[in-house]
Amino acid sequence: MSGKRFFRAPVLIAGIYFLFGFLWILLSDSLLSILFPDIRLYMRFQTLKGWLYVVLTTVLVYALVRAYAVYKERLVVSLGEREREARARLAEKELLVREVHHRVKNNMQMIQSMIQLNLQKDHTDPSELMEELNERIYSMALIHEQMYKAGDPGKFSIEDYLNELISNIHGVSFFSGITIHSEIDPIPLEHDEVIPCGIIINEILTNCFKYAFPDSGTGNIWVSFLREGDKKLLEIRDDGVGFDPQKERQSFGLQLIEILAQQLKGEISIQTGPQGTRFTLVFPLGIAFSA
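Letter 155 of the sequence shown, counting from 1, is numbered 169 in our numbering, and no numbers are missing.
Put into structure tokens, the structure is as follows:
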């Protein structure tokens with residue numbers, strides 16, 4: 015649309031100049047003949063009228079050309095801004111496509127690693143294997159859903175993820191008497207941290223629901239995600255029966271947690287006893303959020 019106006023501008027200038035000249039010739043001669051019927055006065059003012067026409071048309075042409083130049087300059091600036099915006103959008107889309115490919119690749123590698131780790135263990139019940147894989151893949155899907163809602167990995171809400179994850183675990187658990195207590199700081203996560211951190215939370219919570227309260231089916235689980243200096247601190251504890259740490263060290267779930275903690279460049283510690291179990295994960299703040 016702007017391009018068409020750009021090419022119509024010279025035609026418009028010529029049209030205005032033609033209309034002004036036409037009306038000047040048509041009206042000025044008639045007006046002079048009425049005002050000055052004497053031929054000598056008429057001829058004198060005819061000369062003055064000619065000079066006045068030159069002055070007025072000069073001013074008119076200057077005004078029209080100046081207006082056209084200003085319009086042309088604004089149009090060039092506008093087109094330049096649009097071109098820069100288009101290039102920025104294109105670069106953003108290319109970055110988004112690369113990011114999607116990167117995430118898909120990482121997710122496929124994560125799923126492949128989980129399957130390989132599971133296959134290394136002895137499973138008497140194949141359906142149990144499929145159920146565990148389904149839970150872990152669901153946790154990954156849930157993370158991506160939360161990231162999509164946020165629109166930015168840096169705005170990923172651990173609290174929203176926890177609420178939905180807990181609701182899902184409650185839905186498939188036979189123990190409805192377990193109470194969750196949470197203390198979540200609004201700490202942003204980088205996209206490379208979101209998946210490992212989310213899966214770790216899923217693994218620990220699932221184990222708490224399944225194994226911490228085998229007799230009563232009632233108890234408490236505390237979840238906290240806090241910032242301490244230049245570190246992030248994730249702590250999940252329960253008041254259940256505890257477990258044998260030497261035996262459980264060989265379990266797939268704990269091996270997966272330790273592998274993911276290494277990806278986060280963090281340290282995982284486990285304290286367990288008759289009064290319950292405490293999982294603590296400490297990992298560094300992302301570069302973008304360390305200020």
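Glycine is no exception: its CB is placed at the ideal position from the N, C-alpha and C atoms.
Measure the alpha-carbon distance for residue i versus residue j and round it to whole angstroms.
i, j, result
"F223", "G231", "9 Å"
"V84", "A77", "10 Å"
"H205", "Y162", "12 Å"
"L274", "A100", "39 Å"
"L247", "L270", "19 Å"
"P200", "Q130", "35 Å"
"Y31", "L66", "15 Å"
"G29", "K86", "18 Å"
"D174", "R22", "57 Å"
"L203", "Q289", "32 Å"
"L89", "R98", "14 Å"
"N120", "E149", "18 Å"
"I157", "E142", "23 Å"
"L37", "V91", "36 Å"
"V25", "A81", "14 Å"
"L109", "V118", "14 Å"
"V69", "G35", "12 Å"
"A105", "G94", "16 Å"
"S304", "E207", "Because the pLDDT of S304 is 41, which lies under 50, any placement of that residue in the model is unreliable, and the number read from its coordinates should be weighed accordingly. Taking the straight line from one Cα to the other gives about 14 Å."
"K63", "L33", "17 Å"
"L299", "E242", "9 Å"
"Q285", "D258", "10 Å"
"G287", "A102", "56 Å"
"P140", "K107", "42 Å"
Is the beta carbon of residue j closer than 9 Å to that of residue i?
i, j, result
"T294", "G256", "no"
"V296", "E272", "no"
"I27", "V75", "yes"
"F227", "D244", "no"
"L176", "S153", "no"
"I215", "I172", "yes"
"Y225", "G191", "no"
Kindly list the residues whose CB is nearer than 8 Å to the CB of residue i, restricted to its own chain and excluding five residues on each side of it in sequence; keep chain order.
i, result
"Q126", "none"
Looking only at its own chain, which residues have a Cβ that is under 7 Å from the Cβ of residue i, when we skip the five neighbours before and after it?
i, result
"I183", "L219, T220 and F223"
"I151", "I125"
"G267", "E217 and N221"
"Q277", "P210"
"I301", "Any reading at I301 needs caution, since the residue's pLDDT is 43, under 50, leaving its predicted position unreliable; the model's value is listed next. Nothing meets the Cβ criterion."
Which same chain residues end up closer than 6 Å to residue i when comparing Cβ atoms and leaving out the 5 residues on each side of it in sequence?
i, result
"E249", "S238 and T294"
"L12", "Given that the chain is displayed from residue 15 to residue 305, the structure contains no residue 12 and the question cannot be resolved."
"M15", "With a pLDDT of only 47 at M15, under 50, the local geometry of the prediction cannot be trusted, and no value is derived from it."
"H115", "none"
At a cut-off of 8 Å, is residue i close to the ligand FMN when judged by its beta-carbon and the heavy atoms of the ligand?
i, result
"R251", "The ligand FMN is absent from the structure shown, which contains no ligand whatsoever."
Continuous alpha helix (DSSP H) assignments of at least 4 residues falling wholly in the segment 214–255 | none
Item to check | Stretch pair the segment 192–204 + the segment 227–246: three plus CB contacts closer than 8 Å | outcome: yes
Contained beta strand (DSSP E) runs [length at least 3] in the segment 275–302, N- to C-terminal order: 281–287 and 290–298
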